[in-house]
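K.L.:
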Amino acid sequence: MLRFLLRRSVSTVLVLLVLSAVVFTLFYATPGDPAILACGKGCDGDRLAVVRHKLGTDLPLWDQYWHFLRGLVAGRDYDAGADTTHCAAPCFGYSFQYDQPVLGMITARLPVDVSLTLGAMVIWMVVGVGTGLLSALRRGGATERLLTGLTLAGMSTPVFLIGLLLMMAFCSWLGWLPFPQYTPIADDPARWAANLVLPWLSLALISAAAYARMTRSSMLETLAEDHIRTGRAYGLPERRIVAGHALRGALTPVITLLAIDVGGMLGGATLTETVFGFDGLGRLLVNAVNHIDLPVVVGVTLFAAFFIVIANAVADVLYAVADPRVALA
Amino acid sequence: MRKSRALYAAAGTALLSSLAVACGSGGGAGGSGHKAFDPKDYRGGTLTVLNHNDQGHFDPARLYTSGGGKIPTLVFRTLTTRDHTTGGPEGAKPVPDLATDTGTPSDGARTWTYHLKDGLTYEDGTPIKAQDVKYGIERSFAPELPGGAPYLRDWLVGGEDYQGPYKGGELDSIVVPDDRTIVFHLRKPEGDFPYLATATQFAPVPKAKDTGVNYEKHPVSSGPYKVVSNDQGRTIVLARNPHWSQKNDDQRLAGPDRIVVQSGLDQSVINQRLAASSGADARAVTTDTNIDASVLAKLNGPQGLKDRVATGFFGETWYLAFNTKAKPFDNQKVREAISYAVDRRSVVNAVGGTAVAKPATTFLPDQKAFGYTPYDYFPGGASGDPAKARKVLAEAGYPNGLTITLDHTTSAGDGNGPEVATAVQEALKKAGITVRLHASESNDYAEKTQKPATEPGLFLQSWGADWPSGGPFLAPVFDGRQILKGGGNYNASQLDDPKVNAEIDAINKLTDPEAAAARWGRLDAELGKRALTVPLYHPVYKRLFGKDVTNTYVSQWNGLYDLSRISVK
Amino acid sequence: MSETATVLDTATAAGAAEPRRRGRVWQRLRRNRAAMAALAVVALLVLFALAAPLLSALEGQDPTTFHSDLVDSATGGVPTGSFGGVSADHWLGVEPGNGRDVFARLAHGARVSLGVAVGATLVQVALGTLVGLAAGLGNRLADTVLSRAMDLVIAFPELVFAIALMAIVPEGFPRPVLLMLVIGVLGWGAPARVVRAQVLSLRGLDYVAAARLGGSGRWRVARREILPGLAAPVITFALLRLPVNVASEAGLSFLGVGVRPPSSSWGQMLSTATTWYETDPTYVLLPAGLLFVTVLAFTVLGDGLRTALDPRAASRLRAGTRRGNAAPRRAASAARPGAGVPAAAADAATPPRTED
Amino acid sequence: MTDDLLTDRSPSGGQPAGDLLLDVRDLRVSFPTADAEGGSVTAVDGLSLSLARGRSLGLVGESGSGKSTAAFALLGMHRGTGAEVTGTVRVAGTDVNAASDEELRRLRGNRVAMVFQDPLSALDPFWSVGDQIAEVYRLHTGASRRAARARAVEVLDRVGIPDAARRAGAHPHEFSGGMRQRALIAMALACEPDVLVADEPTTALDVTVQAQILDLLHDLREETGMGLLLVTHDLGVVAGATDEVLVMQGGRAVEHGGTEDVLRAPGRPYTRQLVEAVPRLEARRTPVPVGDDVLLRVEDLHRHYPAPRGSGGERAPGLGRLLGRRPQHRAVDGVTLDVRRGETLGVVGESGSGKTTLGRMMVRLLEPTSGRILLDGRDISRDGERALRPVRRDLQMVFQDPVSSLNPRRSVGDSVAEPLLAGGADAAAARSEVRDLLERVGLPASWYDRYPHEFSGGQRQRVGIARALAVRPRLIVCDEPVSALDVSTQAQVVGLLGDLQREFGLTLVFIAHDLAVVRQVSDRVAVMRQGQVVEWGDADRVYESPQHPYTRRLLAAVPVLDPAEAASRRRARRALLALDRSADGAEPAAVA
């Protein structure tokens, strides 16, 4: 286990390094000067130079990257004339547009994506896995055909379409729910939930369909395995075979995929955020891209990457926990 | 001189909208709330502001506002302010705020003197001093705190080289003889100084509380509200400032106990929420999102939305800008042909229809304060006159049509966005002009269009004045001395006509606004003949507000209802 | 003469035998009624896209002409008339705001939506096959590096990168091509993994060893023994990937980084439609419906083809002796934990979703 | 079914039905076919059999004869699969076809238990072995958790799992193949069933382990008096383990009688054919005159692989291990051998002994980790692909798996022609040569354009041989060329190889796990174990006076057709086992 963690940490760092370098290079090539934006209207050459210096965009790319890496480990000071701004480690950079440390901007928006993801996850797991199991166990019947159809329909609906249609139906026509607006859970849990219901649903529906498909095929595959036949040959009741023997095998890959999906979503659910007007990481990134706010782009991307890499490691651990045949090394 | 002129511009229209800045001027119809006004009935409660754009920086040195802004004016009091108390034409005039009057000019309007009112205090009860006003202005010169309007650097003696209080010591052209007197020394006569003194840079900042770039997290309030929290300009929560007294502030009413500004919302979501007006949204307004088609269609419906729309006019013109240094736009006939061909109806439709835009044939906004003088030298009717355009084009030497490129931004729904560009493209097609579209991301666009070296031949542009006067409207666009090679140029046509320049100087010296307005109008009409721009439309502001919001009359200064006087049930 | 005859003979024999195999797949596919219906829908859609200029000419409209007289400017541009201004001239009504013909725009939009998706799929499959082959046939170092790269590419949020890429490429670049390249370049991970796995399993087969023993060089082995074996999984993958790419294009256009006006794509129409859903629902439902039907049809067809190519799935549950009993699936994948995504996640059966 | 089709010399034929544990009358099982509409295939066609307490019956047949289908029908396993089952099946007094689901469930695992071919996949990988056994026991007896657990340990101990109390907590993958099969048998024993149905219980196991398992089954039957139905394709297995045998062909029973009678004097031609085809350990090969001329020599050959993660193997030390340098598995560990021109060298060994790796290094499909391979005295062990090009024609290989050795997308003729074309031959010449070759290996030349799926396993193996011959090689390494084939086909292919060797003057290396087959074809034999050659020499010498204990153990484990001989061998094995135990204290199952 220790060995696994060590290897994983090393590879995580490597992955993040490669990625940050790629993103850095990519965006350095963009036209447009972020300093102009940061400087605002009425900013001439001298003032621009000061701003450029503060942002560090007057340095060659390599130096900028080096400063960034050092900032991650040791923090970083931004020279702003009278008072220098300190960005504590891990410093993901300093937003051109907002004059804020990127990490703070990310953590401010993270609750949105965490709320979105976790709630959606519960729904898609319950609906998706339930549907998948049901259609696997009712194989060949009308139930299965119906569920397969629904699943396909679910998978074929782009996420923003679902969001739009849900809002059309529930907020505009029926008026049962408020137009979603993010409320922190600490403020009012009930409103938090009421506002998130639709985003959850639209985010969950497509995943539910995918998970239903996966669960179904995984379950069918497991049910076709020899040890299930053994269970039957030894007189185990069908319910026990399914619950005690097939389920664990069938759900192991589902659970590990779940970890990865959740990891990916925590880094921002751009379309859902856009449709519902939530200010999460995805929107932050889109906005930053539009404003050439390089540190935010790099920061959010790395942050998302960090989640994904961690999620992969978690998936591996889950896999090992679920499946005694796997040893972590 | 040249360099200081450079301060005029930079950051294009995209920035204007993205930072929720209003370069403003007033005029137009005054709307009003649907209930009789009695502030005593409407104290308390929480007002929510639902906005699309982030508030951005909340440092008085970095805000670029018109007449003190909408939210900033709740926290920052300035020497003068726009007239908050009326929805009529008087609202386009500056009134005293911290100062006892709108300023005493001397030395031919080169020196302006102000006296502070009695008993002014900050949110912590400490008194406001003239030195703090001076310090606040000095801060705005610091390169670390960029973003404010360029006029101070341009007007104050020594302004162009001053580096702010952190590095540059004090600015000698602002003199504080005592705690309640402040004197400004200008390089040239500026009759408009009282207009400028409405900007947040004229708000007092106590030096002891200045935390540099972090000051915006908790700026010290001199107004009716103080900042409870400011989440990077996304969510700002304001609460009543107990040390503010209505006794020495006749401009603000401060009805609600709390004001919550929530930004980053989708524009359609804002409209949907305000239309539904349920829960807390009943006590909500927006300061930056126009109604869209979904609201328009329901306007006369049973929900009574009609009574919940405030209509205002902001002195702004969207137009097609020609670079007369670029072929074929150096040919006036070509410019005229395009002027004839443009279909203003489809342009207006592209930005939301007649409810939110008025077709424009003049460069100056159609408001009295600007000196509006109607003209239409190249009449194309509602939807253009392609036949006439073809004829003029043939005269110009292009009997077989012409292929040109139109630059626009990628920002959907904006006046310089792809929808308007396609509308222009379609209209010119009928006149035999093939238009290729070239889109840029809005910041690139601003950078590119504002530098003569990279300026495209034809592009979509807008201009809004910082206060309701013809000067700041025409000078940056047509004054030949304001062609800025290094960037930030708004004189897109690159017109440099000594006669025009001289006329601008002459009008600037006038101290009578009425007389000045008339001459600005005449100048505009004169410039119009040269087809240097094709004015497309003037925007109309139509904003929805929640059903429990009252007293929503519209300021003539910036076309918006005034948060400082709004009350909620 | 005799030589030619023999060669011809060989060719026709091989040509005749291969169709036999294909014939079986086709027969199985034909029995799948859902897949056949999907095929018909796909054919119609492709026809719709290809014949777009013809169809709009038939209607007498073109996709860019404004009809300001057909919309009500006072209400923001709602089309006059019912169902979004449906009339004999405008079969599916006109676009709110500017009155452009919806039918013509949908048809021309189909070219973008389908064209970009097909192009992106080709790019993905081509890149994926190349990388997968290199990883599967290369040495350990190459395999490790390329596999890691695949994990990365698969794991990273495609949409985020697409937005970023779309924003930094100069405006002059043709947008549909750019969309195609961006979606393609970001999506090669999954096909590369499928190809690599297939190459590895083929490479271990004895007939490949036999070819090597027969003196065939590396390239001859790759070309003659391995490439043909990749066809089925790659085609299946491509078909299942297509709908995902259709959705990707729509998503990017929806976010406003897709094709530029005046060209149309369904996603772009939807993004402008969002403000109109109450006043002109027809305008929302048409592109939404088309998008839905397209994705659904391709998915069903891809599913059908997969089952037709791999009928094991159908007969899996039969009792009896299992000869040549392969190691259980999970035991095999368990052999390489820490290899990033578990094998199940990479299963082409669940194509990676576009977003979220 | 008409009786005259069945040669029935059953000793139990006259017993009253009431005492029978198993009584099957006219069993028919048919499956709907996947492709054709409404069609079906009949897998079992009118089978009748019976089994009394304490007796054992062998159900023998080649693949596709319906034996496993019949065995599954005894437990009613076809219920719910769409198969049509008619006839009566009475098991321990219960009519399986008529019983309710609940009755059937109570029967399974309780009165009749089943042991499967592949113990790894037959056990739930997620559960500990003890828990799986305990679950079955509790289910049928309602015993307490603790009692069930104790019972699990008890039966595990009975089937010879050392340290059963501790090992009960282990998962199936932590067991070796033989141990797993023991565990599965323990599970079958848990409820003391009346009948044990064993479906190819030793097919997946090595020969030494097979012997242990068969011995275990034998002892258990003697001890508990349960009936045993042993389903197998291997007549040798039946000989040592059953009283009666029933031979099946194409879903029908063709011969039934006492094991000894049937094997000694088969009553039907098919049975006779089967019996004759079984390779015999004692059959000598007519020696081929061979000189001392060495064609290929390997010296101290090694091939190491990184061991699978989490498994044992040799460990890299210290930091290297922490950073992921994987322990090495030595597949071939210092082998020195020579192959003389014109001879056949047999290589035998159990699974994992490294014989396939050795064979692949000999033809340089694999590069050795260290050591030398000398062809005509020239070291080719380090040659790259280009340098090997000329050598490729000399060294060819025939593969084990007839399915994967031919490209399914190319006609067999093209596959055979490929080495000729790669060598630059023109298409027409290659085609005519291939047609000749096909005829030479006993296939019609006109089948050139057929595809592999149209061929049977034996025919494909002939194609594989033709391909190896196409370039006129000097040495062919045959890697388990017959182990995937039915016995009757095995004999034909082995015969063909012998003929070709004489005709073309070939040198052969014949790799197999089946000692009898190897003896039939080899002049000299090498015995491999754990990557090393433990003994090699002339075939007769090795088989008749083995020197190494491992060779002896191997030979003792080979099943024989004579039941009396089988019994005496069983005794001999016990003695050997005892000897082993006292000698090194090692647990013999560690080999398994």
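Protein chains in written order, with the numbering used here: chain A, 1 to 329; chain B, 1001 to 1569; chain C, 2001 to 2356; chain D, 3001 to 3592. C-beta: ideal position from N, C-alpha, C; glycine also.
1. In the DSSP output, which residue or residues are listed as bridge partners for N1230 of chain B?
2. Strictly by DSSP, which residues pair up with M167 of chain A?
3. Give the range of the beta strand (DSSP E) segment to which E1426 of chain B is assigned.
4. May I have the straight-line CA-CA distance separating H148 of chain A from A259 of chain A, to the nearest angstrom?
5. D3540 of chain D by DSSP, collapsed to three states: which one?
6. Would you kindly check if the distance between the Cβ of T151 of chain A and the Cβ of A209 of chain A is under 8 Å?
7. Roughly how many whole angstroms lie between the Cα atoms of M3528 of chain D and G3354 of chain D?
8. Looking only at its chain, what residues have a beta carbon closer than 8 Å to the beta carbon of M2166 of chain C, apart from the 5 residues adjacent to it on each side?
9. Is there contact between the segment 274-285 of chain A and the segment 159-179 of chain A, where contact requires at least three CB pairs shorter than 8 Å?
10. Quick one: which residues of the segment 2052-2079 of chain C get their C-beta closer than 7 Å to a C-beta of chain B? List them in chain order.
11. May I ask which residues mark the beginning and end of the alpha helix (DSSP H) holding Y1166 of chain B?
12. Just list the beta strand (DSSP E) runs in the segment 3233-3319 of chain D, keeping only unbroken ones of 3 residues or longer that don't cross its boundaries, in chain order.
13. Under a CB-based cut-off of 8 Å, is V2195 of chain C close to chain A?
14. Counting only Cβ-Cβ distances shorter than 7 Å, please list the residues of the segment 2235-2265 of chain C near chain B, keeping chain order.
15. How would you write the range of the beta strand (DSSP E) that I3476 of chain D sits in, first residue to last?
16. May I ask you to verify whether the segment 3329-3336 of chain D touches the segment 3528-3537 of chain D, counting CB pairs closer than 8 Å and requiring at least 3?
17. Assuming D1385 of chain B and Y1340 of chain B form a contact by the criterion Cβ under 8 Å, report the distance between their Cβ atoms to the nearest whole angstrom.
18. Rounded to a whole number of angstroms, what is the C-alpha to C-alpha distance between L196 of chain A and S2271 of chain C?
19. What does L1265 of chain B reach in chain A if we use C-beta pairs closer than 7 Å?
20. Since P1235 of chain B and T1081 of chain B should fall inside the 8 Å C-beta cutoff, what is the C-beta to C-beta distance between them, to a whole number of angstroms?
21. Does the segment 1497-1509 of chain B come close enough to the segment 1535-1552 of chain B to have 3 or more Cβ pairs within less than 8 Å?
22. Taking Cβ positions only, does F24 of chain A come closer than 8 Å to chain D?
23. So, under 8 Å CB-CB, V3159 of chain D and I3185 of chain D are touching, yes? Tell me the CB distance rounded to an integer number of Å.
24. Within 8 Å of any Cβ in chain B, is that where the Cβ of D99 of chain A sits?
25. Along the chain, where does the beta strand (DSSP E) that runs through F2237 of chain C open and close?
26. Could you please give me the residues that DSSP links to V321 of chain A through a beta bridge?
27. Using three-state DSSP, classify S218 of chain A as helix, strand or coil.
28. Report the residue from C:L2285, C:I2226 and C:G2097 whose alpha carbon sits nearest the alpha carbon of A2197 of chain C.
29. Determine whether the beta carbon atoms of T2065 of chain C and D2072 of chain C lie at a separation below 8 Å.
30. Under 9 Å, CB to CB, which of the residues in the segment 2279-2293 of chain C have a partner in chain B?
31. Taking the beta strand (DSSP E) that D3333 of chain D belongs to, which residues open and close that run?
32. Measuring CB to CB, does F1459 of chain B end up less than 8 Å from P1219 of chain B?
33. Taking just the CA atoms, how far does H291 of chain A sit from A2386 of chain C?
34. Spell out whether any CB of chain B is found under 8 Å from the CB atom of P2176 of chain C.
P.N.:
Looking at the coordinates:
1. As a working mapping, residue 1230 of chain B is identified with position 230 in the second sequence. Per DSSP, B:I1236.
2. As a first step, residue 167 of chain A must be located in the first sequence, where it is residue number 167. In the DSSP output, where bridge partners are listed per residue, M167 of chain A has none listed.
3. Translated into the one-based positions of the second sequence, residue 1426 of chain B becomes position 426. Careful: E1426 of chain B lies outside any beta strand (DSSP E), inside the alpha helix (DSSP H) at P1418 to K1430.
4. Translated into positions along the first sequence, residue 148 of chain A becomes position 148. Translated into positions along the first sequence, residue 259 of chain A becomes position 259. A quick correction: the sequence has Thr, not His, at residue 148 of chain A. Approximately 24 Å, taken between the alpha carbons.
5. Here residue 3540 of chain D is taken as the residue at index 540 of the fourth sequence, counted from 1. If DSSP states are grouped into helix, strand and coil, D3540 of chain D belongs with the helices.
6. What you label residue 209 of chain A is simply residue 209 of the first sequence in a count that begins at 1. What you label residue 151 of chain A is simply residue 151 of the first sequence in a count that begins at 1. Taking 8 Å as the Cβ cut-off, A209 of chain A and T151 of chain A qualify as a contacting pair.
7. For this step, residue 3528 of chain D is matched to residue 528 along the fourth sequence. For this step, residue 3354 of chain D is matched to residue 354 along the fourth sequence. Spanning the two alpha carbons is a distance of roughly 7 Å.
8. Sequence index remark: in the third sequence, residue 2166 of chain C carries index 166 (1-based). If we look at M2166 of chain C and ignore the five residues flanking it on each side, its Cβ neighbours are L2178, L2179, V2182, L2252, V2257 and G2258.
9. yes
10. T2064, T2065, F2066, S2068, V2071, S2073, A2074, T2075, G2076, G2077 and V2078
11. The count along the second sequence starts at 1 and reaches residue 1166 of chain B at position 166. Taken as a continuous stretch (DSSP letters only), the alpha helix (DSSP H) holding Y1166 of chain B covers P1165 to G1168.
12. 3244-3249, 3252-3258 and 3294-3306
13. Sequence index remark: in the third sequence, residue 2195 of chain C carries index 195 (1-based). With 8 Å as the cut-off, V2195 of chain C does not count as an interface residue toward chain A.
14. G2256, R2260, P2261 and P2262
15. Numbered from 1 along the fourth sequence, position 476 holds the residue referred to as residue 3476 of chain D. First-last of the beta strand (DSSP E) with I3476 of chain D: L3475 to D3479.
16. yes
17. Residue 1385 of chain B sits at position 385 when you count from the first residue of the second sequence. Residue 1340 of chain B sits at position 340 when you count from the first residue of the second sequence. Contact holds; Cβ gap of about 5 Å.
18. Locating residue 196 of chain A in the first sequence gives position 196, where the first residue counts as 1. Locating residue 2271 of chain C in the third sequence gives position 271, where the first residue counts as 1. Answer to the nearest angstrom: the Cα atoms are 22 Å apart.
19. Mapped onto the second sequence, residue 1265 of chain B falls at position 265. Chain A residues near L1265 of chain B: G277.
20. For the purposes of this step, residue 1235 of chain B is taken as residue 235 along the second sequence, with counting starting at 1. For the purposes of this step, residue 1081 of chain B is taken as residue 81 along the second sequence, with counting starting at 1. The residue asked about is misnamed: residue 1235 of chain B is Thr in this sequence, not Pro. In fact, because the Cβ distance is near 26 Å, the residues do not count as touching under 8 Å.
21. no
22. Locating residue 24 of chain A in the first sequence gives position 24, counting from the first residue. Chain D, which has no Cβ nearer than 8 Å to the Cβ of F24 of chain A, makes this no.
23. As a working note, residue 3159 of chain D is residue 159 in the fourth sequence. As a working note, residue 3185 of chain D is residue 185 in the fourth sequence. About 5 Å; that satisfies the 8 Å criterion.
24. Position 99 of the first sequence, counting from 1, holds the residue named residue 99 of chain A. At least one chain B Cβ lies under 8 Å of D99 of chain A.
25. Here residue 2237 of chain C is taken as the residue at index 237 of the third sequence, counted from 1. From DSSP, F2237 of chain C is part of no beta strand (DSSP E) but of the alpha helix (DSSP H) over L2227 to F2254.
26. As a position in the first sequence, residue 321 of chain A is number 321, starting the count at 1. Note: V321 of chain A sits in no beta bridge, so no partner.
27. For the purposes of this step, residue 218 of chain A is taken as the residue at position 218 of the first sequence. The answer is helix: DSSP assigns S218 of chain A an H, G or I state.
28. Reading the third sequence from its first residue, position 197 is the one you call residue 2197 of chain C. Residue C:I2226 is the option with its Cα nearest to A2197 of chain C.
29. One-based indexing of the third sequence puts residue 2065 of chain C at position 65. One-based indexing of the third sequence puts residue 2072 of chain C at position 72. No, Cβ-Cβ distance for T2065 of chain C and D2072 of chain C is not below 8 Å.
30. T2279 and D2280
31. Taking the fourth sequence and counting its residues from 1, one reaches residue 3333 of chain D at position 333. Q3328 to R3340 is the span of the beta strand (DSSP E), which, as asked, contains D3333 of chain D.
32. Start at 1 with the first residue of the second sequence, and residue 1459 of chain B comes out as number 459. Start at 1 with the first residue of the second sequence, and residue 1219 of chain B comes out as number 219. The answer is no: Cβ separation not under 8 Å.
33. It is not possible to answer for residue 2386 of chain C, since the shown part of chain C is limited to 2001 through 2356.
34. As a position in the third sequence, residue 2176 of chain C is number 176, starting the count at 1. It does not; no Cβ of chain B falls within 8 Å.
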